[in-house]
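In what follows, a structure is listed as structure tokens, so that the remarks can point back to it.
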Amino acid sequence: MTSDDLRERIVDAADSLYYAKGYAAVGMDELRSAAGVSLRRLYSVFASKDEIVLAVLDRRHQMWEDGVAERVGRVEDPREKLLAVYDYLADWFCDDEFRGCGFINAFGELGGTNPAVAQAVREHKASFQRFVARLVEAAGASPALAAQLAILAEGAQTTAAISGDPAVAAQARGAAEVLVAAAGAAAAA
Numbered sequence: 009m010t011s012d013d014l015r016e017r018i019v020d021a022a023d024s025l026y027y028a029k030g031y032a033a034v035g036m037d038e039l040r041s042a043a044g045v046s047l048r049r050l051y052s053v054f055a056s057k058d059e060i061v062l063a064v065l066d067r068r069h070q071m072w073e074d075g076v077a078e079r080v081g082r083v084e085d086p087r088e089k090l091l092a093v094y095d096y097l098a099d100w101f102c103d104d105e106f107r108g109c110g111f112i113n114a115f116g117e118l119g120g121t122n123p124a125v126a127q128a129v130r131e132h133k134a135s136f137q138r139f140v141a142r143l144v145e146a147a148g149a150s151p152a153l154a155a156q157l158a159i160l161a162e163g164a165q166t167t168a169a170i171s172g173d174p175a176v177a178a179q180a181r182g183a184a185e186v187l188v189a190a191a192g193a194a195a196a197a
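Written as structure tokens, this is what we have:
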């Protein structure tokens with residue numbers, strides 16, 4: 009097994025465990041066991057649990073960006089692209105393993121005591137805001153719409169995680185439709 013394969017095996021196990029149980033609840037022994045590696049091998053790849061948490065967040069960031077971009081890329085109309093973000097959320101919220109946003113979860117558990125985790129979360133959220141801002145610009149709407157749509161998506165993630173109701177995505181999409189229509193009317197006036 010290559011060192012890259014070993015690293016991926018550890019990150020896979022950590023991601024599954026942290027997302028299901030929480031970051032603080034999973035110890036290194038449980039992670040070692042789930043990854044099928046010795047503690048010594050695990051520490052030869054990652055010097056600390058913090059490094060593993062950051063690797064998991066990095067992976068989740070890439071999964072999020074790829075997933076949202078793929079869903080948005082399915083439609084041509086610039087305004088429909090804005091709404092496709094909520095279609096992505098609808099698919100995600102219906103996943104049996106959905107436990108909310110891994111970044112919000114990490115920030116809630118570790119953000120106050122771990123500056124590196126807090127920074128990774130902030131960077132992820134800023135990246136999403138920039139993505140939405142590019143979509144808003146392509147749609148010819150006011151830049152203010154980007155922050156509104158991003159906040160709506162963030163709120164939907166938290167609400168769906170707490171309520172366990174995937175219908176939150178449709179509700180958020182409906183609110184986004186109103187915001188997009190109002191932005192279109194304002195631009196036309």
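With my numbering applied, the sequence shown corresponds to residues 9 to 197, in that order. Every residue gets a Cβ at the ideal spot worked out from N, C-alpha and C, and that includes glycine.
DSSP, reduced to helix, strand and coil, places R82 outside both helices and strands of the structure shown, so it counts as coil.
Its chain contains R17, I18, A21 as the residues whose beta carbon lies nearer than 6 Å to that of A43, once the 5 sequence neighbours on both sides are disregarded; these appear in chain order. At a Cβ-Cβ threshold of 9 Å, D37 and L25 do not count as neighbours. Taking a contact to require three or more Cβ pairs closer than 8 Å, the region 105-120 and the region 51-71 qualify as touching.
Taking the CA atoms as reference points, T166 sits about 15 Å from V129. In the three-state DSSP reduction, T10 falls in the coil class, being neither helix nor strand.
In the three-state DSSP reduction, V188 falls in the helix class (H, G or I). In the three-state reduction of the DSSP assignment, E105 falls in the coil class. Take H132, set aside five residues on each side of it, and the residues of its chain with a beta-carbon closer than 6 Å to its own are H69, F111, in chain order. Contact between A161 and L97 holds, since their C-beta atoms are separated by about 6 Å, short of 8 Å.
Under the 10 Å beta carbon count, A177 is surrounded by 16 or more other beta carbons and is classified as buried. P123 carries a helical assignment under DSSP once its states are collapsed to helix, strand and coil. Taken through DSSP and simplified to helix, strand or coil, D23 comes out as helix.
Straight-line measurement puts the Cα of G35 at about 35 Å from the Cα of Y94. Taking 9 Å as the cut-off, the beta carbon of V125 is found no closer than this to the beta carbon of A134.
A168 has its alpha-carbon roughly 25 Å from the corresponding atom of A152.
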